[in-house]
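The structure appears right after this line, and notes come after that.
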Amino acid sequence: MAGLLFDTSLYIDALRSGHDALLRIRTIAEGGPVWLSAVVLAELYAGAVGRALRTVEKLDQDFRTADRMLVPSASDWAATGRALAHLREKFGYELTGRARIMGDALIAMSAARTGTTVITRNERDFARLAGFRPFSWRIAMP
99 MAGLLFDTSL YIDALRSGHD ALLRIRTIAE GGPVWLSAVV LAELYAGAVG RALRTVEKLD
159 QDFRTADRML VPSASDWAAT GRALAHLREK FGYELTGRAR IMGDALIAMS AARTGTTVIT
219 RNERDFARLA GFRPFSWRIA MP
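Basically the numbering used here = 1-based index in the sequence shown + 98.
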(Lines of atoms letter the chains of each structure in order from A and count residues from 1; the text may use other names and numbers.)
(Lines give C-alpha, C1' and ligand atoms only; values in the text may rest on other atoms or scores of the structure.)
Protein backbone atom coordinates (compact mmCIF):
# COMPACT_ATOMS: atom_id res chain seq x y z
CA MET A 1 0.00 0.00 0.00
CA ALA A 2 2.98 2.37 -0.05
CA GLY A 3 2.29 5.92 -1.08
CA LEU A 4 1.81 9.32 0.50
CA LEU A 5 -0.59 10.59 3.12
CA PHE A 6 -0.95 14.30 3.82
CA ASP A 7 -1.51 15.47 7.38
CA THR A 8 -4.54 17.64 8.14
CA SER A 9 -2.54 20.88 8.25
CA LEU A 10 -1.65 20.59 4.56
CA TYR A 11 -5.29 20.23 3.54
CA ILE A 12 -6.25 23.16 5.75
CA ASP A 13 -3.57 25.32 4.11
CA ALA A 14 -4.90 24.32 0.66
CA LEU A 15 -8.49 25.12 1.67
CA ARG A 16 -7.54 28.49 3.14
CA SER A 17 -5.45 29.49 0.13
CA GLY A 18 -8.18 28.49 -2.33
CA HIS A 19 -5.97 25.90 -4.05
CA ASP A 20 -8.68 23.27 -4.31
CA ALA A 21 -6.78 21.61 -7.16
CA LEU A 22 -4.21 20.51 -4.57
CA LEU A 23 -6.94 18.47 -2.92
CA ARG A 24 -7.62 16.23 -5.91
CA ILE A 25 -6.37 12.67 -5.99
CA ARG A 26 -3.19 12.38 -7.96
CA THR A 27 -0.03 10.34 -8.13
CA ILE A 28 3.20 11.98 -7.15
CA ALA A 29 5.95 10.41 -9.25
CA GLU A 30 8.49 10.01 -6.49
CA GLY A 31 6.06 9.03 -3.76
CA GLY A 32 3.37 6.88 -5.32
CA PRO A 33 -0.39 7.20 -4.89
CA VAL A 34 -1.91 9.66 -2.44
CA TRP A 35 -4.04 8.21 0.37
CA LEU A 36 -6.48 9.98 2.69
CA SER A 37 -6.56 9.03 6.36
CA ALA A 38 -10.04 8.66 7.84
CA VAL A 39 -8.61 10.58 10.82
CA VAL A 40 -7.65 13.52 8.58
CA LEU A 41 -11.09 13.39 6.97
CA ALA A 42 -12.79 13.58 10.39
CA GLU A 43 -10.62 16.53 11.39
CA LEU A 44 -11.42 18.31 8.13
CA TYR A 45 -15.17 17.73 8.51
CA ALA A 46 -15.01 19.00 12.10
CA GLY A 47 -13.71 22.39 10.98
CA ALA A 48 -15.34 22.86 7.57
CA VAL A 49 -18.21 25.23 6.80
CA GLY A 50 -19.69 26.63 3.59
CA ARG A 51 -17.49 26.24 0.52
CA ALA A 52 -14.85 24.35 2.52
CA LEU A 53 -17.46 21.79 3.59
CA ARG A 54 -18.41 21.14 -0.04
CA THR A 55 -14.74 20.72 -0.90
CA VAL A 56 -14.23 18.24 1.94
CA GLU A 57 -17.32 16.29 0.82
CA LYS A 58 -15.84 16.08 -2.69
CA LEU A 59 -12.49 14.99 -1.26
CA ASP A 60 -14.27 12.29 0.76
CA GLN A 61 -16.17 11.07 -2.32
CA ASP A 62 -13.06 11.07 -4.54
CA PHE A 63 -10.92 9.03 -2.15
CA ARG A 64 -13.73 6.56 -1.41
CA THR A 65 -14.35 6.07 -5.14
CA ALA A 66 -10.63 5.51 -5.74
CA ASP A 67 -10.53 3.12 -2.75
CA ARG A 68 -7.64 5.09 -1.25
CA MET A 69 -8.97 5.68 2.26
CA LEU A 70 -6.66 4.61 5.09
CA VAL A 71 -8.76 3.59 8.10
CA PRO A 72 -7.07 2.83 11.43
CA SER A 73 -7.34 -0.83 12.43
CA ALA A 74 -7.90 -2.18 15.93
CA SER A 75 -4.13 -2.73 16.23
CA ASP A 76 -3.55 0.92 15.21
CA TRP A 77 -5.87 2.06 18.02
CA ALA A 78 -4.03 -0.15 20.52
CA ALA A 79 -0.63 1.11 19.31
CA THR A 80 -1.95 4.68 19.61
CA GLY A 81 -2.86 4.09 23.25
CA ARG A 82 0.60 2.67 23.93
CA ALA A 83 2.24 5.60 22.10
CA LEU A 84 0.23 8.14 24.11
CA ALA A 85 1.23 6.43 27.37
CA HIS A 86 4.87 6.49 26.22
CA LEU A 87 4.67 10.20 25.33
CA ARG A 88 3.02 10.98 28.67
CA GLU A 89 5.85 9.29 30.55
CA LYS A 90 8.71 10.59 28.42
CA PHE A 91 7.51 14.13 27.60
CA GLY A 92 4.87 14.86 30.24
CA TYR A 93 1.86 15.10 27.90
CA GLU A 94 -1.18 15.77 30.03
CA LEU A 95 -4.84 15.31 29.09
CA THR A 96 -4.91 18.34 26.77
CA GLY A 97 -1.70 17.31 25.02
CA ARG A 98 -2.88 13.72 24.62
CA ALA A 99 -6.20 14.80 23.13
CA ARG A 100 -4.41 17.02 20.61
CA ILE A 101 -1.91 14.37 19.57
CA MET A 102 -4.31 11.40 19.38
CA GLY A 103 -5.18 12.09 15.74
CA ASP A 104 -1.51 12.36 14.82
CA ALA A 105 -0.77 9.13 16.66
CA LEU A 106 -3.55 7.28 14.80
CA ILE A 107 -2.20 8.62 11.51
CA ALA A 108 1.35 7.58 12.44
CA MET A 109 0.39 4.08 13.58
CA SER A 110 -1.68 3.52 10.41
CA ALA A 111 1.24 4.73 8.30
CA ALA A 112 3.62 2.40 10.13
CA ARG A 113 1.34 -0.57 9.46
CA THR A 114 0.89 0.17 5.76
CA GLY A 115 4.28 1.61 4.78
CA THR A 116 2.70 4.93 3.82
CA THR A 117 4.79 8.11 4.09
CA VAL A 118 3.21 10.94 6.09
CA ILE A 119 3.80 14.49 4.83
CA THR A 120 3.34 17.02 7.64
CA ARG A 121 4.33 20.38 9.07
CA ASN A 122 4.17 19.05 12.64
CA GLU A 123 7.80 18.01 13.06
CA ARG A 124 7.85 17.83 16.87
CA ASP A 125 4.98 15.41 17.40
CA PHE A 126 5.69 13.16 14.40
CA ALA A 127 9.38 12.92 15.35
CA ARG A 128 8.35 11.84 18.85
CA LEU A 129 5.86 9.31 17.49
CA ALA A 130 8.51 7.90 15.13
CA GLY A 131 10.72 7.43 18.17
CA PHE A 132 8.05 5.16 19.63
CA ARG A 133 7.23 3.23 16.44
CA PRO A 134 9.29 3.93 13.33
CA PHE A 135 7.40 4.99 10.22
CA SER A 136 8.17 7.00 7.10
CA TRP A 137 7.47 10.73 7.37
CA ARG A 138 8.86 14.00 6.16
CA ILE A 139 8.32 17.70 6.58
CA ALA A 140 6.32 19.50 3.89
CA MET A 141 8.02 22.38 2.21
CA PRO A 142 6.22 25.71 2.74
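Virtual Cβ for every residue (Gly too), placed ideally from N, Cα, C.
1. In terms of residue numbering, what span does the alpha helix (DSSP H) encompassing PHE224 cover?
2. Within the continuous alpha helix (DSSP H) that includes ARG152, where are the two ends?
3. Using only the alpha-carbon positions, how far apart do LEU64 and LYS156 sit?
4. In this structure, how does DSSP classify ARG236 when only helix, strand and coil are distinguished?
5. Can ALA172 and PHE230 be called in contact, C-beta distance under 8 Å?
6. Spatial neighbours of TYR191 within its chain, please: C-beta separation below 6 Å, excluding the five flanking residues on both sides.
7. Work out the CA separation of GLU221 and GLU187 for me, nearest whole Å.
8. Assuming the contact rule is C-beta atoms closer than 8 Å, SER133 and LEU113 should be a hit. Round their C-beta distance to whole Å, please.
9. Which of the three DSSP states is assigned to VAL169 in this structure?
10. Would PHE224 and ALA206 be called neighbours here (beta carbons separated by less than 8 Å)?
11. Do THR163 and VAL138 come within 8 Å of each other at the CB atom, strictly closer than that value?
According to the data block:
1. For the purposes of this step, residue 224 is taken as residue 126 along the sequence shown, with counting starting at 1. Residues 221 to 230.
2. Along the sequence shown, read from residue 1 onward, the residue named residue 152 stands at position 54. 148 to 163 is the extent of the alpha helix (DSSP H) around ARG152.
3. No answer is possible for residue 64: it lies beyond the span of the chain, which begins at 99 and ends at 240.
4. Translated into positions along the sequence shown, residue 236 becomes position 138. The DSSP-derived three-state label of ARG236 is strand.
5. Within the sequence shown, numbered from 1, the residue matching residue 172 stands at position 74. Within the sequence shown, numbered from 1, the residue matching residue 230 stands at position 132. ALA172 is not a Cβ neighbour of PHE230, given a cutoff of 8 Å.
6. As a working mapping, residue 191 is identified with position 93 in the sequence shown. These residues qualify, in order along the chain: LEU185.
7. Indexing the sequence shown from 1 puts residue 187 at position 89. Indexing the sequence shown from 1 puts residue 221 at position 123. Using only the alpha carbons, I get a separation of about 20 Å.
8. Position 35 of the sequence shown holds residue 133. Position 15 of the sequence shown holds residue 113. According to the sequence provided, residue 133 is Trp. The question's Ser does not apply to it. That pair is no contact at about 18 Å.
9. On the sequence shown, residue 169 is found 71 positions in, with the first residue counted as 1. Per DSSP, reduced to three states, the secondary structure at VAL169 is coil, with no helix or strand assignment.
10. Residue numbering aside, residue 224 sits at position 126 when the sequence shown is read from its first letter. Residue numbering aside, residue 206 sits at position 108 when the sequence shown is read from its first letter. In this structure, ALA206 lies closer than 8 Å to PHE224 by Cβ.
11. Along the sequence shown, one-based indexing puts residue 138 at 40. Along the sequence shown, one-based indexing puts residue 163 at 65. With respect to THR163, VAL138 sits apart: the two C-beta atoms are not nearer than 8 Å.
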